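Taking it in order: structure first as structure tokens, then the write-up.
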Amino acid sequence: TYIVIDNCIACKYTDCVEVCPVDCFYEGENMLVIHPDECIDCGVCEPECPADAIRPDTEPDMEQWVTFNRKYAVQWPVIVTKKDPLPGYEDRDGETGKLAKYFS
Ligand code: SF4
Ligand code: F3S
């Protein structure tokens with residue numbers, strides 16, 4: 055499966071939702087998550103993210119992010135249409151420690 059990591063937080067470009075064949079992105083206030091059980095592992099979303107926020111769960115230390123994505127995917131509404139990124143996204147892109155700083 056693929057999952058969204060904290061690089062998405064406070065940017066939320068949403069290019070990813072346009073390409074997902076199974077519509078498994080879910081939208082929170084300042085980031086998206088992927089439902090890990092709905093993702094068919096096609097990989098097409100990964101290169102679409104300008105913030106490099108989409109990763110395969112085969113990368114090291116992704117277990118916490120799989121749990122995180124699963125938790126919020128069942129709480130947040132599905133998003134299937136691209137929208138404008140969040141205000142200030144250029145400044146937030148590439149920042150570290152976004153989960154503690156901005157996630158809500
Ligand atoms: Fe959707 Fe494919 Fe990305 Fe999974 S890997 S979230 S199925 S586009
Ligand atoms: Fe987030 Fe990247 Fe999608 S910033 S909204 S995962 S295109």
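So for the sequence shown, the numbering used here puts the first residue at 55; every next one is plus one.
The beta carbon of each residue, even a glycine, is placed where N, CA and C say it ideally should be.
All figures in this text were calculated on a predicted structure; none of them were measured in a lab.
Measure the C-alpha to C-alpha separation of residue i and residue j and round it to an integer number of angstroms.
i, j, result
"C74", "I63", "19 Å"
"W130", "M85", "10 Å"
"C96", "I88", "13 Å"
"D115", "V71", "24 Å"
"C99", "K152", "21 Å"
"R146", "L140", "10 Å"
"T112", "Q118", "12 Å"
"Y126", "S158", "12 Å"
"D91", "E144", "31 Å"
"D138", "E149", "19 Å"
"I108", "V134", "16 Å"
"P101", "V58", "12 Å"
Heavy atom of ligand 1 less than 6 Å from the Cβ of residue i, yes or no?
i, result
"I63", "no"
Cβ of residue i within 6 Å of any heavy atom in ligand 2?
i, result
"V134", "no"
"Y126", "no"
"V120", "no"
"Y156", "no"
"Y143", "no"
"K66", "yes"
"L140", "no"
"L86", "yes"
Whole-angstrom Cβ separation of residue i and residue j, contact assumed at under 8 Å?
i, j, result
"C103", "Y56", "Actually they are not in contact, since the Cβ atoms of C103 and Y56 sit about 10 Å apart, beyond 8 Å."
"V132", "Y67", "Not confirmed; about 17 Å, so no contact."
#### Entry: Residue list, Cβ distance to ligand 1 heavy atoms smaller than 7 Å
Environment of ligand 1, chain-ordered: T55, Y56, C70, V73, C74, P75, V76, C78, F79, I88, C93, I94, D95, C96, G97, V98, C99, E100, I108, taking every residue with Cβ within less than 7 Å of a heavy atom.
### Ordered list of alpha helix (DSSP H) runs contained in the stretch 79-141, each at least 4 residues
Considered as a whole, the stretch 79-141 harbours 117-127 as its complete alpha helix (DSSP H) runs of no fewer than 4 residues, in chain order.
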